[in-house]
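J.: Position 53 of the sequence shown, counting from 1, maps to 53 under my numbering, and the rest follow consecutively. Where a beta carbon is used, it is the ideal one built from N, C-alpha and C, also for glycine.
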Amino acid sequence: SGLVVPLVLGIGQVLVMTAVLSGGLGLSTPHWPALIGFLLLTAAAFAAAVQFVNVKFGSSGRVVALGLLVLQVASAGGTYPTETSPQFFQTIGPFLPLYWAVTAVRQLLPGGEAELVWQSVGVMSLWLIVPLILTWITVEQKRTWTMKALHPPLKL
1 SGLVVPLVLG IGQVLVMTAV LSGGLGLSTP HWPALIGFLL LTAAAFAAAV
51 QFVNVKFGSS GRVVALGLLV LQVASAGGTY PTETSPQFFQ TIGPFLPLYW
101 AVTAVRQLLP GGEAELVWQS VGVMSLWLIV PLILTWITVE QKRTWTMKAL
151 HPPLKL
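#1: Looking at residue 97 and residue 45, is the spacing between their C-beta atoms short of 8 Å?
#2: How many Å lie between residue 139 and residue 92 at the Cα?
#3: For residue 100, I'd like the list of residues in its chain whose CB is within less than 7 Å of its CB, leaving aside the five on either flank, ordered along the chain.
#4: I'd like the list of long-range same chain contacts for residue 39, defined as Cβ closer than 6 Å, with 5 residues on each side in sequence excluded.
#5: Since residue 56 is in the alpha helix (DSSP H), which residue starts that stretch and which ends it?
#6: With a cut-off of 8 Å on the beta carbons, I'd call residue 167 and residue 47 a contact; round off their distance for me.
#7: Along the chain, where does the alpha helix (DSSP H) containing residue 155 start, and where does it finish?
#8: How long is the line joining the alpha carbons of residue 23 and residue 146, rounded to whole angstroms?
Have a look at this one:
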C-alpha cells in the first residue's frame, strides 16, 4: 500500500509532462505510446526503489534515496555528456536507473535505435522487480518476532 501514492503521483507527472511537451511546446515524436509507457515504467521503478530503501532503513532511507539521486544525476549524462564527467561517475552510471532512462528517452524522442530502448526497458524492469522483491523479503523479516523484540532491555 505504500507504493500507491508514489505511483499515482508518478503517473500524474508523466501525463502532465507529456501534455506540456506535446501541446504546450509542440514536441513531436513518432513514438508517443512507447515514450509514455517507458516513462510510466521509470516512475514505477523509482517509486519501488525508494520504497525499498525506506522499508529497509526506516527514516534513514530518505537519506539513502537522496544519496542515490545525487549519484544518478551526476552519472546519467542528462545534464552534460557522461564522457566529460570523472571516471567514477562513468563507471557507476550504467548500474543506476537514471542512466538508462536518459538513454531510452534520447532514443525515443527522435526515433533512434530500438535496441537501446529495449535494453533500457530490461534494466528498468529489473529496477522495478528487484526492489519489490527485496521490499517483500524485508517486510517478511520484520514480521518475525524475536525474544529481543518481545522483551526489550530496560533503559533507565
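T.: Short version:
#1: For the purposes of this step, residue 45 is taken as residue 45 along the sequence shown, with counting starting at 1. For the purposes of this step, residue 97 is taken as residue 97 along the sequence shown, with counting starting at 1. Cβ distance < 8 Å, so residue 45 and residue 97 count as in contact.
#2: For the purposes of this step, residue 139 is identified with residue 139 of the sequence shown, where counting begins at 1. For the purposes of this step, residue 92 is identified with residue 92 of the sequence shown, where counting begins at 1. Each residue's Cα considered, the two are about 28 Å apart.
#3: Position 100 of the sequence shown, counting from 1, holds the residue named residue 100. The beta carbon of residue 100 sits closer than 7 Å to those of 120, 123, 124, all from its chain and outside the five residues before and after it, given in chain order.
#4: Residue numbering aside, residue 39 sits at position 39 when the sequence shown is read from its first letter. Beyond the five residues adjoining it in sequence on each side, residue 39 comes within less than 6 Å, by CB distance, of 14 in the same chain, given in chain order.
#5: The residue given as residue 56 occupies position 56 in the sequence shown. Here the alpha helix (DSSP H) through residue 56 covers 32-57.
#6: Outside the shown range of the chain, which is 1 to 156, sits residue 167, and nothing can be said about it.
#7: Here the question's residue 155 lines up with position 155 in the sequence shown. Element bounds for residue 155: n/a, residue is neither H nor E.
#8: Along the sequence shown, read from residue 1 onward, the residue named residue 23 stands at position 23. Along the sequence shown, read from residue 1 onward, the residue named residue 146 stands at position 146. One C-alpha to the other measures close to 57 Å.
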